[in-house]
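>
2 protein chains.
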Amino acid sequence: MESAIMEPEEIEPLIGEGDTDDIPGIGQYDDFHTIDWQRDIARDRMRHRYIVKKRQDSIWDLIKGAHDAWSGWVCVLLVGVCTGAVAGVIDIGASWMTDLKFGICPQAFWFNREQCCWSSDEMTFDQGNCSQWLTWPQVFGDSREGAGAYIIGYLFYIIWALVFAALSASLVRMFAPYACGSGIPEIKTILSGFIIRGYLGKWTLIIKVVGLILSVSSGLSLGKEGPMVHIASCLGNILSYLFPKYGRNEAKKREILSAAAAAGVSVAFGAPIGGVLFSLEEVSYYFPLKTLWRSFFCALIAAFVLRSINPFGNEHSVLFFVEYNKPWIFFELVPFVGLGIIGGCIATVFIKANIYWCRYRKHSKLGQYPVTEVLVVTLVTAVVAYPNPYTRMNTSQLIYLLFNQCGISNSDPLCDYDRNFTDVNSAIEKAAAGPGVYRAVWLLVLALVLKLVMTVFTFGIKVPCGLFIPSLALGAIAGRIVGIGVEQLAYNYPKIWPFSGECSTGDDCITPGLYAMVGAAAVLGGVTRMTVSLVVIMFELTGGVRYIVPLMAAAMASKWVGDALGRQGIYDAHIALNGYPFLDSKDEFQHTSLAADVMQPKRNETLAVITQDSMTVDDVESLLKETEHNGYPVVVSKESQYLVGFVLRRDLNLAIANARRTMEGITGQSVVMFAGGAGAGAAAAAALPAPPALPLNRILDMAPITVTDQTPMETVVDMFRKLGLRQTLVTHNGRLLGVITKKDVLRHVKQMDNEDPNSVLFN
Amino acid sequence: MESAIMEPEEIEPLIGEGDTDDIPGIGQYDDFHTIDWQRDIARDRMRHRYIVKKRQDSIWDLIKGAHDAWSGWVCVLLVGVCTGAVAGVIDIGASWMTDLKFGICPQAFWFNREQCCWSSDEMTFDQGNCSQWLTWPQVFGDSREGAGAYIIGYLFYIIWALVFAALSASLVRMFAPYACGSGIPEIKTILSGFIIRGYLGKWTLIIKVVGLILSVSSGLSLGKEGPMVHIASCLGNILSYLFPKYGRNEAKKREILSAAAAAGVSVAFGAPIGGVLFSLEEVSYYFPLKTLWRSFFCALIAAFVLRSINPFGNEHSVLFFVEYNKPWIFFELVPFVGLGIIGGCIATVFIKANIYWCRYRKHSKLGQYPVTEVLVVTLVTAVVAYPNPYTRMNTSQLIYLLFNQCGISNSDPLCDYDRNFTDVNSAIEKAAAGPGVYRAVWLLVLALVLKLVMTVFTFGIKVPCGLFIPSLALGAIAGRIVGIGVEQLAYNYPKIWPFSGECSTGDDCITPGLYAMVGAAAVLGGVTRMTVSLVVIMFELTGGVRYIVPLMAAAMASKWVGDALGRQGIYDAHIALNGYPFLDSKDEFQHTSLAADVMQPKRNETLAVITQDSMTVDDVESLLKETEHNGYPVVVSKESQYLVGFVLRRDLNLAIANARRTMEGITGQSVVMFAGGAGAGAAAAAALPAPPALPLNRILDMAPITVTDQTPMETVVDMFRKLGLRQTLVTHNGRLLGVITKKDVLRHVKQMDNEDPNSVLFN
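Chains A and B, in that order, give the protein sequences. Here numbering that gives the first Met the number 0 is used: the first sequence runs in plain steps of one and ends on residue 762. Here numbering that gives the first Met the number 0 is used: the second sequence runs in plain steps of one and ends on residue 762.
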């Protein structure tokens, strides 16, 4: 695992096209290995040139060429359509099963509460209840509003929650262990050029979809938005196999995955532009601009398909549409920044506690009982959540409630103000908060604490779970509380200077819903460290084009507080926890070390090299046995150590095995020839007595990337990031000194940041 | 000019901090040279480390450290505020002077027509005229609506236009020749790492602002949106000098310029998100993600300041706010894609004609009479434009008119339908077009041809001029005409299948304004080849969140048609015309050549190298005289050619001159020592007899980027793009073979694309 892999396709232009394909398996990667972007992209360009050249031969080749040129667009179109459709299925399924916890529609059990009540044509759709829809106490004949009914409702709620959670956890455990969690840390790692076989496979997809519906319905403190990105990426991966251009080239495949991730966010929030920016800012790594346009197309198609399905049956194209459009007061930036700071603190507490708990789970017996853990967490969540109306309701509904203004249609206790509405269009007047508001605030404080604690224990259990929605909910609760506080301050002291200008008239000058929105952005920003994409998502989510400045002020404050208190966002923290080889393109390397300090081997060790024309097959095979490197530099001779090229362990093994099988006269004494092209190898072979030499120049990469030993590590890190290297060779005055692999770089970065370098597990 | 520059700061960590600063001028660039990103960024990190280390020394250093950490944000804040303010000045000035062509407000001559009429408190603000505002015929006592008045108006229009244009052209010619044009091609080149001294200086800024107001007011077919990007970049450049971190480091300065470009688009269109995406997609080159958040902040501040100034005095926060929000019919995608194709064709015709004319201007006598050319173009434009009301009016007003729906408030002939409005809120019914509409269509066709021809001759004349607005206008005219056609088709044949579903009721199912919007996006997309940023700008420009899909369909069709007919967008074509060294990060290099094919020297030439310890000062100086390379590789010895490092011509000159001045005993016979650090150099010097050796290891870059001669050019191009190289050294088995500079790469790319390689002028 010390060294790494690079392959010969880069030199194929020299030796004819495609003729390394004659040995099967060459050019593939092993599981949990880093890919080589340069090589894959060079391979794709060669394939492209081959098709362009062949296009003139016949009509059929012309059609194949056109198909190849269009396949990227067709592929993202398919990904978009499928993502939209799957998102529709998830939305409909989750909404039906969430309502199933409370009751059933006897006429048509497959209707959720809203659809059931629509079909009844009743006008009194108060609090979402109607005579068609039967709550469980009503089903069992106990329609009194008493303790009995409450207990029956409570019990059914808990039982359904446990059933859903148990099903979800068992499915994940039995069929697709990769389907758990949000998947975003792994998607980030995969997009940065890492292979995790099966992570984006069809079983993961199916189980994630079913498990997500179940786990969302179970009332756990989790959201379906993060996993949607994983589901979309699975679709991207599966559909890319329809197009060999993408399916058989890991680097090209990541272009599709990048677009799919954008589509995932797009359908999760109904925010296509936000999705593209999320993909660009958070998950995409190597090719931000080239795929921008295609990602946008994919995200838009997905959103369009989902909107055509219209799973929620409402008019608004945005998830938490806010109706108000009132200007905010300049002074309000102070509480907004305050909310940002609160949000940053909540986010930091959450990240630290969650990582502590996940590390404990990883290293203790707890990790061996995932289903039990899920059941315990579900039981506790259900028992604690039901009594409080704000935790009992669907989290999305809670966020919608908190974002909105207290208008004529809002009868929640949160809107128990001393005001009378006479007309929908009348302005909302300033008013004192009634007792209902104060009671609601206390319940919200309880809900905040409860949700925070439960989310810490929930994110990381072995069911599909995202944390966008819980983060938004935490922030919305905190924001609404602050908002009500500021509102009442403005009501009671309208004469003090911040309010004296705008609040002197009778209209309400403070909108608590806006505070909820800002708070939600602050916590989500602190947790994920998103910046521009967060603001754009919030703005697409709510339609509140006026509120970009407040949202940005809070997001900025929250990010700064978060960065000051703990360097990493939740996804980066989980990547570090799992030891994935992820080289963050946003962190800067600030130290003064040189390539010579980082390279392998260290002093007193010797570097395993192969000479270009003086080692026998036996020598090479014993070297392969003695060392575990993934690749070996080829030098002119042991004495001079001038670098010729680089050869991969995997290719060496395959080529020798292949030669022994197919070439005559190859024995352990055959000299392995890398030098001077096939002609020179043959000439050298002819000059020698028997046995014949084994020419391996075809698997030799003659263009390895090299740096000198005096190169500052910041340049080396930059090259790894920007060129997508797996390793680089270190030379001094042309002589080979050593090798730096991606793992060496990551370990060095960790060491310099005073972290445990051994936490990097993969190469 | 054959070779290039790299500098020693990268190895400063070895030899102590900042001690190459002792020779003044080291580390600077010459005019029209490419910068070295790696070196500049390494220099900045070193400066940063120095400040971090010193921070513990005293409170003052702590404050300096904090100031340094914040300076990026403070700088973009200042850039945002200044950009917003300057944009406000330009908007107010241009609006006043545009109206001055038609008349004057006698009570307060500094009011434009709108403000003048506001102050009069008249209710009859019909067609923008009121009794307070006097047209020129009225001023001269001829208030009859006759031929005489018409001619007086005509004459005043032409005279004012000529005065404004002459002033603008003379100012540009006398004080700041760089202030002409849109500036976007040059900004793109500068951001890609090129030095054009004075292009972003204070004189350019002042003249561009004044000249832009004048040239916009002169009624030429140009817009102020493109130059706004140049103006914002000037502000970014000037303000960056307040912060040495940015002002004295070319690579870091480009971070500020990138944010400034975003702010420029943001104020031009009132589109902060679109501005950031424009900066990301079109102009930024090397650091897309790192500066995303700051660019967004800068763009938002600029938009916020401009909105606070409120130069247009209206409520809407968007430039061409559309009121309609009607769904479009799925079938309409066919005409939308058709509009995209038309837009792509118009754009291609425009680009080809404009480039042809600009090339003619460049190589003929015409280029010597810029002011005359401006006056002729202005005269022709004014004479031809006045009679047609659609070309006489301000182009922005025309676009606004075309984008909008025919409602109760719109009395233009374009809205001469056979319908009666009774209520503002009533739905717009289907109606047959009246004679006014047909007349308006003919006038619009004339306007389309006229604008197209005039814009071809206008873009490139020596006044500040952008082409966003003319492109939008061309597209809006074409789109509106198509829209009216489809509308009348739907009115006359409501039963045929595409319309049978939605158009059977009495309401109007086709919105011609939407077609204008789509057409505008198509032409602008074809001209600039923007993609995502275009759609986002259009969407922020009009507030039409529903119309992303039509806009995207048209933009996509237009881009594809444009790419098929002519590879380059207008900005890239102008970059190529001027021979700037711009390596497009979106083009892929598709050929099979190797580094060995591109490197200098070619066969039979020898490479100019310096040996590490065997050349005298005289040898080096004669080498400097004989060759013109910007830098020289340093090798172990002439015989072995093993690479040691790279040294710059400029630094060699400075260091030798400095040594002759300050060191004792340095003569032409002194051996120049690059080898083995200061210690080894001194030892070698001691071993020799007099004169003493000149140690130059401090200016030696010991970490030059190298590639092997077998490296495919696609990898080399990728390295140049992603690492921001000026040159790379080519080796074979550790021996130096040659050098590839950015100019070599660009020439090779041109050659492979069958273009003239000698059109690349700069290195």
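Just so it is clear, CB atoms sit at the ideal spot from N, CA and C, and this is done for glycine as well.
In chain order, what residues of the same chain lie with their CB nearer than 7 angstroms to the CB of L211(B), ignoring the 5 residues before and after it?
The answer, listed in chain order, is I89, K223, P226, P463.
> By DSSP, does I818(A) sit in helix, in strand, or in coil?
This structure cannot speak to residue 818(A), because chain A is shown only from 0 to 762.
> Please list the residues of the region 632–655 of chain B that have a C-beta atom closer than 9 angstroms to any C-beta atom in chain A, keeping them in chain order.
Residues passing the 9 angstroms Cβ filter: V634, V635, S639, Q640, Y641, L642, V643, G644.
> Do three or more CB pairs link the region 702–720 of chain B to the region 646–665 of chain B at distances below 8 angstroms?
Cβ pair count under 8 angstroms is below three, so no.
> Does any CB atom of chain B fall closer than 8 angstroms to the CB of H47(A)?
Judged by the 8 angstroms Cβ criterion, H47(A) is in contact with chain B.
> Any Cβ of chain A within less than 8 angstroms of the Cβ of R42(B)?
Taking Cβ atoms only, chain A never reaches closer than 8 angstroms to R42(B), which makes this a no.
> Report yes if the CB atom of V767(A) is closer than 8 angstroms to the CB atom of L550(A), and no otherwise.
Any question about residue 767(A) goes unanswered here, given that chain A covers just 0 to 762.
> Expressed to the nearest angstrom, what Euclidean distance is found between the alpha-carbon atoms of S395(B) and E280(B)?
Distance between the alpha carbons of S395(B) and E280(B) is about 25 angstroms.
> Can you look up P691(B) in the DSSP assignment and give me helix, strand or coil?
Three-state DSSP puts P691(B) in coil, outside helix and strand.
> Identify whether L219(B) lies in helix, strand or coil by the three-state DSSP scheme.
Three-state result, L219(B): coil.
> Is it buried or exposed, N753(B), if we count other Cβ atoms within 10 angstroms and call 16 or more buried?
So N753(B) ends up on the exposed side.
> Assuming V209(B) and L170(B) are in contact, meaning their beta carbons sit under 8 angstroms apart, how far apart are those beta carbons, in whole angstroms?
Confirmed, about 6 angstroms.
> So G733(B) contacts chain A; which residues on that side make the cut at Cβ distance below 7 angstroms?
Here the neighbours are Y641, L642, T730, G733, R734.
> Exposed or buried, what is S621(A) when buried is set at 16 or more other beta-carbons lying within 10 Å of its beta-carbon?
Its Cβ having fewer than 16 others within 10 Å, S621(A) is exposed.
> Any beta carbon of chain A sitting closer than 8 angstroms to that of F108(B)?
Output row for F108(B): interface = no.
> Do the region 185–199 of chain A and the region 247–262 of chain A touch if we need at least three Cβ pairs shorter than 8 angstroms?
The answer is yes - the region 247–262 of chain A touches the region 185–199 of chain A, with three or more Cβ pairs under 8 angstroms.
> How is the beta strand (DSSP E) around Y631(B) delimited, first residue to last?
Note, Y631(B): beta strand (DSSP E), 630–634.
> Does the CB of K721(B) have a neighbour CB from chain A at under 8 angstroms?
Chain A contact via Cβ: present.
> Can you tell me which residues form a DSSP beta bridge with F193(A)?
BP columns for F193(A) point to T33(A).
> With a threshold of 7 angstroms on Cβ separation, who are the neighbours of R196(A) within its own chain once the five nearest residues in sequence on each side are excluded?
For R196(A), where only same-chain residues beyond five positions count, the Cβ hits under 7 angstroms are D30.
> Just reading off the alpha helix (DSSP H) that I698(A) is part of, what are its end residues?
Counting along the chain, I698(A) falls outside any alpha helix (DSSP H), and DSSP gives it neither H nor E.
> Can you find a CB in chain B that lies within less than 8 angstroms of the CB of F124(A)?
Confidence is the limiting factor: at F124(A) the pLDDT is only 46, short of 50, which leaves the residue's position unreliable and the question unanswerable from this model.
> Taking the alpha-carbon positions, what's the P497(B) to G512(B) distance?
So the alpha carbons of these two residues sit roughly 20 angstroms apart.
> Among V716(A), P334(A), G459(A), which has the Cα closest to the Cα of A489(A)?
Answer by Cα proximity: P334(A).
> With a cut-off of 8 angstroms, do at least 3 Cβ pairs link the region 730–747 of chain B to the region 637–644 of chain B?
A contact exists between the region 730–747 of chain B and the region 637–644 of chain B.
> Could you list which residues in chain B have their beta carbon closer than 8 angstroms to that of M551(A), in chain order?
Correct list: F295, F296, L299.
> Helix, strand or coil for R172(B) per DSSP?
Of the three classes helix, strand and coil, the one that applies to R172(B) here is helix, per DSSP.
> What are the start and end residues of the beta strand (DSSP E) that includes T714(A)?
T714(A) -> not in any beta strand (DSSP E); alpha helix (DSSP H) instead, spanning 712–722.
> F303(B) touches chain A at which residues, Cβ-Cβ below 7 angstroms?
Under the 7 angstroms cutoff, chain A gives V548.
> Name, going along the chain, the residues of the region 25–37 of chain A whose beta-carbon falls closer than 7 angstroms to a beta-carbon of chain B.
From the region 25–37 of chain A, only Q37 have a Cβ closer than 7 angstroms to chain B.
> To the nearest angstrom, how far is it from the Cα of G676(B) to the Cα of D708(A)?
No answer about G676(B) holds up, because its pLDDT of 47 lies below 50 and its placement is not dependable.
> Let me check understanding here. Comparing Cα to Cα, which of T661(A), K601(A), I569(A) lies closest to K187(A)?
Considering only alpha carbons, the answer is I569(A).
> Who does T727(A) pair with in a DSSP beta bridge?
For T727(A), which the question treats as bridged, DSSP gives the partners I739(A).
> Excluding the 5 residues flanking E713(A) on each side, which residues of the same chain have their C-beta closer than 7 angstroms to its C-beta?
Within the same chain, E713(A) has close Cβ partners F588.
> According to DSSP, is V608(B) helix, strand or coil?
Note: V608(B) maps to coil in three-state DSSP.
> Taking three-plus beta-carbon pairs below 8 angstroms as touching, is the region 386–394 of chain B in contact with the region 443–457 of chain B?
The region 386–394 of chain B, when compared against the region 443–457 of chain B, does touch it at the 8 angstroms Cβ threshold.
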